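Here is the structure we will look at, set down as structure tokens.
Protein chains: 2
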Amino acid sequence: MDELDYRFLCELAAQLRVDSVRAAAAAGSGHPTSSMSAAELMAVLLARQLRVDVENPADPANDHLVFSKGHASPLLYAMLKAMGVVSDEELLTFRRRGSRLEGHPTPDVPFVDVATGSLGFGLPVGVGLALAARRLDRLPNHVWVLCGDSELAEGSMWEAFEHAGHEGLNNLTVIVDVNRLGQRGPTRHGWDLAAYAARLGAFGWHTIEIDGHDPGQIDFALADARATRRRPTAIIARTCKGRGVSAVEDREGKHGKPLADAEQALGELGGPRSLTVPMTPPASQGVPYRYADGPLVLPKYELGEEVATRTAFGEALAALGTARGDVVALDGEVADSTKLETFAEAHPERFFEFYIAEQQMVAAATGMQARGWTPYVATFAAFLTRAYDFVRMAAVSRAGLCLVGSHGGVSIGEDGPSQMGLEDLAAFRAVHGSTVLYPCDANQTARLVADMAGLEGIRYLRTTRGETPVIYGPDEEFPVGGCKVLRTGGQATIVAAGVTVHEALAAADLLAGDGVSVTVIDAYSVKPLDSPELVAMATATGRVVTVEDHWPEGGLGDAVLSALAENPVPVRKLAVARMPGSAGSAEQLRDAGIDRTAIREAVLAMLP
Amino acid sequence: MDELDYRFLCELAAQLRVDSVRAAAAAGSGHPTSSMSAAELMAVLLARQLRVDVENPADPANDHLVFSKGHASPLLYAMLKAMGVVSDEELLTFRRRGSRLEGHPTPDVPFVDVATGSLGFGLPVGVGLALAARRLDRLPNHVWVLCGDSELAEGSMWEAFEHAGHEGLNNLTVIVDVNRLGQRGPTRHGWDLAAYAARLGAFGWHTIEIDGHDPGQIDFALADARATRRRPTAIIARTCKGRGVSAVEDREGKHGKPLADAEQALGELGGPRSLTVPMTPPASQGVPYRYADGPLVLPKYELGEEVATRTAFGEALAALGTARGDVVALDGEVADSTKLETFAEAHPERFFEFYIAEQQMVAAATGMQARGWTPYVATFAAFLTRAYDFVRMAAVSRAGLCLVGSHGGVSIGEDGPSQMGLEDLAAFRAVHGSTVLYPCDANQTARLVADMAGLEGIRYLRTTRGETPVIYGPDEEFPVGGCKVLRTGGQATIVAAGVTVHEALAAADLLAGDGVSVTVIDAYSVKPLDSPELVAMATATGRVVTVEDHWPEGGLGDAVLSALAENPVPVRKLAVARMPGSAGSAEQLRDAGIDRTAIREAVLAMLP
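Protein chains in written order, with our numbering: chain A, 1 to 608; chain B, 609 to 1216.
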């Protein structure tokens, strides 16, 4: 690096700082001090290492940059201004209504793959981007992740460090902005760079400790990171929060607020600049590898056959993998239970084992979908709750994910409540733009597993551990947002899904013996629910019983009530109201009051 | 250790193995091979290091033993049999309906503090137990945690390793049962004990690598662990899954199932024994330290004053801390935002900083409540989703926790959706036995913050970032399960909570101008909801509008629908239906369609 380069980098860093201060000042809120600490780090990255085609943010050969410390968004937007992607005028719309420059970045902004702002999310997504580049796209682009030091307290970061270290992802570089100060006060390790280096080194990373305000050291470290083989690199940079402005530099209590005297600060920083960085495009055209598509030959199951829906999921996903080359599968070390194993056997090169690290698994899927892949993520429904924040952030990222939770409900039997997904329908209904599916038989499962690939947003499908009888033919269609009316009777409507469909059918038989005729609805599409059909049937029968293998709150019953809200009829909800223990599957359904007997009693009690 | 001791320990280990096999065989399910790998580890711990009063499981001086690998429950129950706590007859009720010996342990079992079975939960709880012993109870008892090797992939474990290492919790010992095989196949690191030791060493732990089937090495390591100063100890033990039975020893595909030929296995293990271990009681009487109780002097706010409910929370909790010596507070490095800082200033010795590690924070609270403390945990509502699985497991643990989520809803304004709790009401409603509170003003907040300490189970309270007017006097009561009827009118009922209460009141004024009289209900107790009052008001007015700063699913609207399910009237739900961006607080409420104008329009649209 010659003197001219050096001076340019210093000026560029000053500009990034100035623009961060200006953006936050214009907004009246934001995180300028968290931006100022990383100004040199990002200036050097921008000018000397980041390879992107400014005209084509979607170029698959582009490097990726993830701001895991999403609150440093002013710095990111200042970089985009220096790249010529965002105008100065737009920069000053930061945090205003209607501006794409939100308080925390989202993919509405060019060159942003995912939303960040929940700390500990960006790096695991970066691992997914790097895995996609290395093992799927087979492209040489590099993934750069800017992390805060506070953020390293999050366990999800260590899931990522472990996964990347073990995979030897040398196309991934983490830049840790060790500015010593968290939101509330000093971080656990302060400026003890060695504490971070020791930890990361033990996790298999190449580590470089530098002065994060020295362009020369930064330049050397970034080049070293890109050139490092077989290992990911962590650049651990000592920085000052609020660097460059004496009123805030390295001071507590200055997090997350604009500078009190922006004019004075801009003076101290030498005033605005209007540098534009001539970005280096990727070295080669990026043509990502894609697996061939083939015919879709879904498994077919005989009527009356007893098949677990988790088994049908595995077989259907394997078939879908043959049909669609973009389908990939991610496992949390339970593929033998979820039956994702069937996909792994058919398509080993598109199967990713994440061991028991659900957050990293969901984040990696989020990274992969950003690169155009269609990820299916499977673990026990209960254990997907471990990644609930990441699913939330995937929704904010406008990501498309297929999540499959097995072992739904008390029907799993002896393993007990720690293994039972009993809040999953509520949790996933409450994800923005989500689809929630809950099939009751193998053919229905196969069809929904295939169809969910074509949807958008977060899609969740719940499977059942035990075997259930096949009640639909293999050619039946199950449109998302539809339902199936399995029996028609005039005195009540029973709405069930998954395992309780079979109990509802049995209850209808019992009730027929009582001289009571009921309608039975299979609400396999819990969200969106088939409101018109439900309203019609509920109105026609005058009363509804809902029955679900789930806690009473937020699941099927509440979904049905919501569908009927403006056209109400009396509804009785049957759900799991007590904490289960160990017991057989049938015993569990009985104890929970969601079996055929309980349904029959509920209907009889509602009759006039 | 003399020859006699050695032989006894070998026999005891054999008995634990035999009983694990017998229990799983009787149940027809379970995890005997995961139990067999740790038989010597637990035999030596039981006979030589675990200090408990068998007659008094509640003795505060007892050591604690946490099976973080909860699926090894047969081994735990076999230990309890060897302790004389569980009879052989009861052992064979394993996993049967009604037995307290469930598939995964729960606190229904003596000497079990928390439910385990979701991997990665037990160790962070152990950190909480050790913190409680050291910094609260001030007792010298020791916390022993048995972990699996697969489990070390969970990020929550590294939150725990970091926290315990940094605190120097030498009263905590982790025993890692490195049996090389996870559920699906080999673990990431296999028998590379050094890989684990390097990581743990970097995190500040004393590490000991041993042969986990050698009683002599185990005994040395356990004694060393207890004697180690200033650092927690990790005993990293090389073991064989299914040890002792050739049909399963170190074989894949043998996880989570009873041995195919239990008779043959028992023969190979030398058949049943009936050893009883004379347990060593704690050295001294355990009288835990307790802070003095004092008078409860809650803050009082003037009618009409503008105060953020998060501010009232902080001030009320500080007052509650003075009144109740058992109250402790846990922060996720956002105490300045949640206002937990006010408690920290008043009671620094009962304030715990967990940095940005929400899972460890919730788990530590779960450990502390097991020792009789009353923990309040606070972070942004959005970030509590990071710990959702741990809240779920706390409920299975029958734990009492007070969780407080700040920055609920779009009303936070410019920070954008990553920081908005918009699914929290749904998520926490769907926790078994939970209470969900959402106050709208400062006096109501103060009262609810104090009252929630007296409840059981998981209690969640949502606070608001911005200021809201005080509408209740300081002496008003807010019983949990109640509501407040703020206006009475005949044409519709508006049900609101938190920030939307103020919008509902304003809408009522606008509607009065339209000549429409409405009832306004403040549903501060979202769960349990005041069903009788709601039914009465809804029936009297014939129509209901619900309005909430939350996604449409699973929150207040669904709760109201559920309350009215069997006595329905038409309900229109107003909630946040689109993904928000950045904007001012009032703009956000307007854009989301949950402000006074939207409420007015909804009521007018429902009128005949």
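From the three backbone atoms N, C-alpha and C, an ideal C-beta is built for every residue, glycine too.
Keep in mind that this is a model prediction, so the values were computed, not measured.
According to the Cβ coordinates, are residue i and residue j closer than 8 angstroms?
i                       : j                       : result
residue 1073 of chain B : residue 1010 of chain B : no
residue 1019 of chain B : residue 1089 of chain B : no
residue 177 of chain A  : residue 41 of chain A   : yes
residue 688 of chain B  : residue 694 of chain B  : yes
residue 781 of chain B  : residue 840 of chain B  : yes
residue 546 of chain A  : residue 569 of chain A  : no
residue 101 of chain A  : residue 90 of chain A   : yes
residue 291 of chain A  : residue 329 of chain A  : no
residue 820 of chain B  : residue 795 of chain B  : no
residue 761 of chain B  : residue 357 of chain A  : yes
residue 1236 of chain B : residue 616 of chain B  : Nothing about residue 1236 of chain B can be read from this structure; chain B reaches only from 609 to 1216.
residue 1022 of chain B : residue 1159 of chain B : no
residue 734 of chain B  : residue 158 of chain A  : no
Does the beta-carbon of residue i have 16 or more other beta-carbons within 10 angstroms, so that it is buried, or is it exposed?
i                       : result
residue 264 of chain A  : exposed
residue 183 of chain A  : buried
residue 509 of chain A  : exposed
residue 196 of chain A  : buried
residue 118 of chain A  : buried
residue 128 of chain A  : buried
residue 923 of chain B  : buried
residue 610 of chain B  : exposed
residue 1107 of chain B : buried
residue 230 of chain A  : exposed
residue 296 of chain A  : exposed
Pick helix, strand or coil for residue i, following the three-state DSSP scheme.
i                       : result
residue 111 of chain A  : coil
residue 292 of chain A  : coil
residue 181 of chain A  : strand
residue 238 of chain A  : strand
residue 1091 of chain B : coil
residue 1133 of chain B : strand
residue 166 of chain A  : helix
residue 297 of chain A  : coil
residue 376 of chain A  : strand
Could you tell me which residues DSSP pairs with residue i in its beta bridges?
i                       : result
residue 469 of chain A  : A:306
residue 220 of chain A  : Looking at the DSSP assignment, residue 220 of chain A forms no beta bridge with any residue, so it has no partner.
residue 64 of chain A   : A:143
residue 1104 of chain B : B:1130, B:1155
residue 1181 of chain B : B:1154
residue 814 of chain B  : B:841
residue 1020 of chain B : BP columns for residue 1020 of chain B are empty, so no partner.
residue 462 of chain A  : A:405
Using a C-beta to C-beta distance shorter than 7 angstroms, which residues of chain E count as neighbours of residue i?
i                      : result
residue 417 of chain A : Given the protein chain composition of this structure (A and B), no chain E is represented.
(request) May I ask you to list, following chain order, the residues of the segment 478 to 506 of chain A that have a beta carbon less than 9 angstroms from some beta carbon of chain B? (result) If you check each beta-carbon in the segment 478 to 506 of chain A against every beta-carbon of chain B, none falls closer than 9 angstroms.
(request) Output, in sequence order along the chain, the residues in the segment 528 to 545 of chain A whose CB is closer than 8 angstroms to any CB in chain B. (result) Closer than 8 angstroms at the C-beta level to chain B, one finds no residue of the segment 528 to 545 of chain A.
(request) Scan the segment 936 to 950 of chain B for residues whose Cβ lies nearer than 8 angstroms to a Cβ of chain A and list them as they occur along the chain. (result) Listed in sequence order: 939, 941, 942, 943, 944, 945, 949.
(request) With 7 angstroms as the limit, tell me which residues of the segment 954 to 978 of chain B have their beta carbon closer than that to any beta carbon of chain A; keep them in chain order. (result) If the cut-off is 7 angstroms between Cβ atoms, the segment 954 to 978 of chain B has 963, 964, 965, 967 near chain A.
(request) Report the residues of the segment 379 to 391 of chain A with a CB closer than 8 angstroms to any CB of chain B, ordered along the chain. (result) The residues in question are 382, 383, 385, 386, 388, 389.
(request) Identify each residue in the segment 157 to 179 of chain A for which the Cβ-Cβ distance to at least one residue of chain B is less than 9 angstroms, and report them in chain order. (result) The segment 157 to 179 of chain A vs chain B, Cβ under 9 angstroms: 157, 158, 159, 160, 161, 162, 163, 166.
(message) Any C-beta of chain B within less than 8 angstroms: which residues of the segment 198 to 227 of chain A qualify?
(response) Result list: 198, 199, 201, 202, 203.
(request) Scan the segment 1162 to 1181 of chain B for residues whose Cβ lies nearer than 8 angstroms to a Cβ of chain A and list them as they occur along the chain. (result) Those would be 1162, 1163, 1165, 1166, 1167, 1169, 1170, 1172, 1173, 1174, 1175, 1176, 1177, 1178, 1179, 1180, 1181, in chain order.
(message) Under 7 angstroms, CB to CB, which of the residues in the segment 144 to 156 of chain A have a partner in chain B?
(response) With the criterion set as a beta carbon lying under 7 angstroms from some beta carbon of chain B, the members of the segment 144 to 156 of chain A are 150, 151, 153, 154, 155, 156, in sequence order.
(request) Name, going along the chain, the residues of the segment 108 to 120 of chain A whose beta-carbon falls closer than 9 angstroms to a beta-carbon of chain B. (result) Cβ contacts with chain B come from 108, 115, 116, 117, 118, 119, 120.
(request) Please list the residues of the segment 279 to 312 of chain A that have a C-beta atom closer than 7 angstroms to any C-beta atom in chain B, keeping them in chain order. (result) Listed by position, the residues of the segment 279 to 312 of chain A near chain B (Cβ gap below 7 angstroms) amount to none.
(message) Along the segment 581 to 600 of chain A, where does the CB come closer than 8 angstroms to a CB of chain B? Name the residues.
(response) Taking 8 angstroms as the upper bound on Cβ-Cβ separation, chain B lies near residues 581, 582, 583, 584, 587, 591 of the segment 581 to 600 of chain A.
(message) Output needed in chain order: residues of the segment 609 to 641 of chain B with a Cβ under 7 angstroms from some Cβ in chain A.
(response) Across the segment 609 to 641 of chain B, CB contacts with chain A closer than 7 angstroms involve 635, 637, in sequence order along the chain.
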